[in-house]
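Here is the structure we will look at, set down as structure tokens.
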Amino acid sequence: MANNTYDAASITVLEGLEAVRKRPGMYIGSVSTRGLNHLVYEILDNSVDEHLAGYCNEIHVTLNADGSATVTDNGRGIPVGMHAKGISAERLVFTVLHAGGKFDNNAYKTSGGLHGVGSSVVNALSEWLTVRIKTGGNIYEDSYERGKPTTKLVNGLLESKGRTRESGTSISFMPDAEIFEKIRFKEEDIKIRLHETAYLNPGLTIYFKDDRVPDSEEIVFHEPEGIVGYIKDMNKTAETLHDVIFFKGENEKIEIEVALQFVNEFHENVMGFCNNIYTLEGGTHITGFKTAFTTIINKYARELGILKEKDANFNGTEVRNGMTAVVSIKHTDPRFEGQTKTKLDNPDASNAVSKVTTDELTRYFDRNLEVLKTVIGCAEKAAKLRKAEEKAKTNMLTKQKYSFDSNGKLANCESKDASLCEIFIVEGDSAGGSAKMARNRMYQAILPIRGKILNVEKASIDKVLANAEIKTMINAFGCGFSEGYGNDFDISKLRYDKIVIMADADVDGAHISTLLLTLFFRFMPELIYEGHVYIAMPPLYKVVPNKKGEEGEYLYDDRALEKYRKEHKGGFTLQRYKGLGEMDAEQLWETTLDPERRMMKRVSIEDAKHAAEITELLMGLEVPPRRVFIYENAQNAELDV
Ligand code: TTJ
493 MANNTYDAAS ITVLEGLEAV RKRPGMYIGS VSTRGLNHLV YEILDNSVDE
543 HLAGYCNEIH VTLNADGSAT VTDNGRGIPV GMHAKGISAE RLVFTVLHAG
593 GKFDNNAYKT SGGLHGVGSS VVNALSEWLT VRIKTGGNIY EDSYERGKPT
643 TKLVNGLLES KGRTRESGTS ISFMPDAEIF EKIRFKEEDI KIRLHETAYL
693 NPGLTIYFKD DRVPDSEEIV FHEPEGIVGY IKDMNKTAET LHDVIFFKGE
743 NEKIEIEVAL QFVNEFHENV MGFCNNIYTL EGGTHITGFK TAFTTIINKY
793 ARELGILKEK DANFNGTEVR NGMTAVVSIK HTDPRFEGQT KTKLDNPDAS
843 NAVSKVTTDE LTRYFDRNLE VLKTVIGCAE KAAKLRKAEE KAKTNMLTKQ
893 KYSFDSNGKL ANCESKDASL CEIFIVEGDS AGGSAKMARN RMYQAILPIR
943 GKILNVEKAS IDKVLANAEI KTMINAFGCG FSEGYGNDFD ISKLRYDKIV
993 IMADADVDGA HISTLLLTLF FRFMPELIYE GHVYIAMPPL YKVVPNKKGE
1043 EGEYLYDDRA LEKYRKEHKG GFTLQRYKGL GEMDAEQLWE TTLDPERRMM
1093 KRVSIEDAKH AAEITELLMG LEVPPRRVFI YENAQNAELD V
């Protein structure tokens, strides 16, 4: 550290990382589990970039027993030499904001929005971080604590720790408990992300291991079929109507790949990616694809005489009825906008995707007339339903606009100030009855629902809207719904700030929550985007110590019970709640309704998406595995407060 230039550089650097620690949300979105997992993706993206540059084909992701994570690749290794600023390249990567990708000329590096904000952000938000690099025949190691280097340099550089013939980079880091609400990575989400990455990079093999679980097995994600394999897997349990259609092309330096397939169902699932980043909110690439697709299908439908001169065109929703599609593009300078910075904003992407789609699909349909007819058939089916559905909708919305308690079931709250109001959707009439008595009737509305609500993945819109429970719900919320014909959803009309799903912690409860989340995800996703949907977490146990003078308490999971057992050797009585129905009004208030004491989990868009995927999966399975699946997931559902 004799070098003044280096000292000066290091001071500005540390100020930068201090800013990250002060406002982590600005760099990684949030400090919830979502933000926590983001750290892994942030590091992983560097290795994927090295793959895209053509130098890496294997990545290992390990969740270590001590709670840290390790990402290892077999790329060239981060450069360890001196960078122009008088600081080593590797130090620069981990201590300077936005330094990622400075040394390579990889055109498709992930950048923009929350993505690629860099390893320095992860470093700043880690209690410790260790870098191991094999490059140029040597092994190097560098370490940091909360962003600050702890390894001694010699003449400003790392010393070799040994020789090797291999090359690659390995990063281990422990997320900082001072920053994050919880520091347990959610392996389910990470696995989904790794699998997605494997589909988008067919030449890459990703190994995942969760060493927090004893004897856990390594999972290998390798998808040589790429996005075609992705479509096949998504449609695994559906009735597919033709082979997967795949095309790719390039336009104005934008690389485009599309895979699509129609299934015999009444919804569409079009997913977009830009430079391997999933664009949850869509954007220009998706618009370009959809516009082109609608034009092509209408053109063919007229040529084939399926649409007559007097007929109106099929609309976009109709031509995509039953479609599963992945649109993946590579752009040298992606821009992301939107609520969650997941909406592609580059205007040139729209033209490029539209052009390639038009050229390639025309070529395909000219040669595959049967597939074309099948695809147009899906649009016709949708169009036929349209009239009936529009009618059903008008009837429903006009007749019942002001009598939103269509079943006499909703016990509404008195306040009309939506920012203060909450609605609890309660499983079962008996729990619903107690909840009605227990609630704060000024601000809390109760809507009991019976049995299983209709599965919205499977049913067509008119059936969904005919369902009494769903009708009541839509009417109660007050903002309409948003799939199918015309987007009538208006979140500004929402009557409740919080929509709380209250179901038992058992198989049926898990199923009801899953179905409700699927319903919201498909028809009212903004409720979830804007954070209005919650899941109530009623306690599993009540314990009262035998020792006089000590108060009883509620326990919310088995871990808490174990802890309680250890701390109360003097004995206690234990009451286990099998369901909400077992609680009386007062208990329900104390544990689940009272804003001061209750526990609730806010539903993220990933949770809802996951629910929709489970629903889709469940529909294709026979009864026995389905029960096993729901039960396992009901058991695994962790407490998240
Ligand atoms: C950059 O250009 C010269 C050769 O090495 C290139 C490079 O930086 N490769 C690279 C970086 N491979 N892997 C990484 C990397 C891997 C992880 C897990 C984390 C980070 C921050 C970088």
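In this note's numbering, the protein residues as written are 493 to 1133.
No residue lacks a Cβ here, since even glycine has one placed at the ideal position from N, Cα and C.
Take residue 628 as the anchor and find which of 915, 585, 567 and 816 has the nearest alpha-carbon.
-> Residue 628 has its Cα closest to that of 567, out of 915, 585, 567 and 816.
Would you mind giving the Cβ-Cβ distance between residue 486 and residue 789, rounded to the nearest angstrom? I have them listed as a contact below 8 Å.
-> In this structure the chain extends from 493 to 1133, so residue 486 is not present and cannot be described.
Would the C-beta of residue 586 count as close to ligand 1, meaning under 8 Å from any of its heavy atoms?
-> Yes - ligand 1 has a heavy atom lying nearer than 8 Å to the Cβ of residue 586.
Could you tell me the boundaries of the alpha helix (DSSP H) in which residue 965 lies?
-> Residue 965 -> alpha helix (DSSP H) spans 960-969.
Identify which residue in 781, 689 and 663 has its Cα closest to the Cα of residue 549.
-> Residue 549 has its Cα closest to that of 689, out of 781, 689 and 663.
With residue 1059 as the anchor, note down where its alpha helix (DSSP H) starts and where it stops.
-> It spans 1050-1059 - the alpha helix (DSSP H) in which residue 1059 sits, taken as one unbroken run.
Tell me whether residue 632 counts as near ligand 1, meaning its Cβ is closer than 8 Å to at least one heavy atom of that ligand.
-> Incorrect: residue 632 has no Cβ contact closer than 8 Å to ligand 1.
Looking at the structure shown, is residue 459 part of a helix, part of a strand, or coil, going by DSSP?
-> Outside the shown range of the chain (493 to 1133) lies residue 459, about which nothing can therefore be said.
For ligand 1, any of its heavy atoms closer than 8 Å to the Cβ of residue 776?
-> For ligand 1, not one heavy atom lies less than 8 Å from the Cβ of residue 776.
Which residues mark the beginning and the end of the alpha helix (DSSP H) in which residue 792 is found?
-> DSSP places residue 792 inside the alpha helix (DSSP H), whose first and last residues are 776-795.
Expressed to the nearest angstrom, what Euclidean distance is found between the alpha-carbon atoms of residue 1026 and residue 531?
-> Roughly 25 Å between the two C-alpha positions.
Could you check if residue 875 is buried or exposed, using at least 16 other CB atoms within 10 Å of its CB as the buried criterion?
-> Counting the other Cβ atoms within 10 Å of the Cβ of residue 875 gives 16 or more, which makes it buried.
Stretch-stretch touch, CB-based, cutoff 8 Å, three pairs: the segment 1059-1074 with the segment 1003-1016 | They do not touch, by the three-pair rule.
Cβ-heavy atom distance between residue 580 and ligand 1 below 8 Å?
-> Residue 580 has its Cβ no nearer than 8 Å to any heavy atom of ligand 1.
In chain order, which continuous runs of the alpha helix (DSSP H) of length 4 or greater are located wholly inside the segment 701-783?
-> DSSP runs (the alpha helix (DSSP H)) wholly in the segment 701-783: 719-726.
Assigned secondary structure, residue 1015 (DSSP; H/G/I helix, E/B strand, else coil) = Residue 1015: helix per DSSP, three-state reduction.
Can the beta-carbon of residue 910 be found closer than 9 Å to that of residue 988?
-> It is a contact, given that the beta carbons lie within the stated cut-off.
Considering residue 624, what are the terminal residues of the beta strand (DSSP E) in which it resides?
-> 618-627 is the extent of the beta strand (DSSP E) around residue 624.
Taking all protein chains shown into account, do 16 or more other C-beta atoms lie within 10 angstroms of the C-beta of residue 720, making it buried, or fewer, making it exposed?
-> With 16 or more Cβ atoms within 10 Å of its Cβ, residue 720 is classed as buried.
Excluding the five sequence neighbours on either side, which residues of its own chain have a C-beta within less than 7 Å of the C-beta of residue 510, listed in chain order?
-> Within the same chain, residue 510 has no close Cβ partners at all.
Indicate whether the contact test is met: 3 or more Cβ pairs, each with one atom in the segment 833-847 and one in the segment 737-750, closer than 8 Å.
-> At 8 Å Cβ cutoff, the stretches touch.
Where residue 1069 sits in the DSSP three-state scheme = Residue state, collapsed to three classes: coil.
Close-in-space but distant-in-sequence residues of the same chain around residue 613 (CB under 6 Å, 5 per side omitted) = Excluding its 5 nearest sequence neighbours in each direction, residue 613 has C-beta neighbours in its own chain below 6 Å: 512 and 519, listed in chain order.
Boundaries of the alpha helix (DSSP H) in which residue 1148 is found, first to last residue | Outside the shown range of the chain (493 to 1133) lies residue 1148, about which nothing can therefore be said.
Residue 993: first and last residue of the uninterrupted beta strand (DSSP E) it sits in | Note, residue 993: beta strand (DSSP E), 990-994.
Mind checking residue 861: buried by the 16 CB within 10 Å criterion, or exposed?
-> Exposed, because fewer than 16 other Cβ atoms sit within 10 Å of the Cβ of residue 861.
Mark residue 994 as exposed unless 16 or more other C-beta atoms lie within 10 angstroms of its C-beta, in which case mark it buried.
-> That one is buried.
Heavy atom of ligand 1 less than 8 Å from the Cβ of residue 685, yes or no?
-> No.
Using DSSP with H/G/I as helix, E/B as strand and the rest coil, what is residue 631?
-> It is a strand residue.
Would the segment 1076-1091 and the segment 1049-1057 be scored as touching if the rule is three or more Cβ pairs under 8 Å?
-> Cβ pair count under 8 Å is below three, so no.
Alpha-carbon spacing of residue 921 relative to residue 957, whole angstroms | Those two C-alpha atoms are separated by around 22 Å.
In three-state DSSP terms, what is residue 660?
-> If DSSP states are grouped into helix, strand and coil, residue 660 belongs with the strands.
How would you call residue 835, buried or exposed, if buried means at least 16 neighbouring beta carbons within 10 angstroms?
-> Buried.
Burial state of residue 642 (16 or more Cβ within 10 Å) | Classification of residue 642: exposed, given that the 10 Å Cβ count is below 16.
Where DSSP assigns a beta bridge to residue 820, which residues make up the other side?
-> Bridge partners of residue 820: 749 and 765.
Out of 776, 878, 940 and 1008, state which residue places its alpha-carbon closest to the alpha-carbon of residue 838.
-> Checking every option, the nearest Cα to that of residue 838 belongs to 776.
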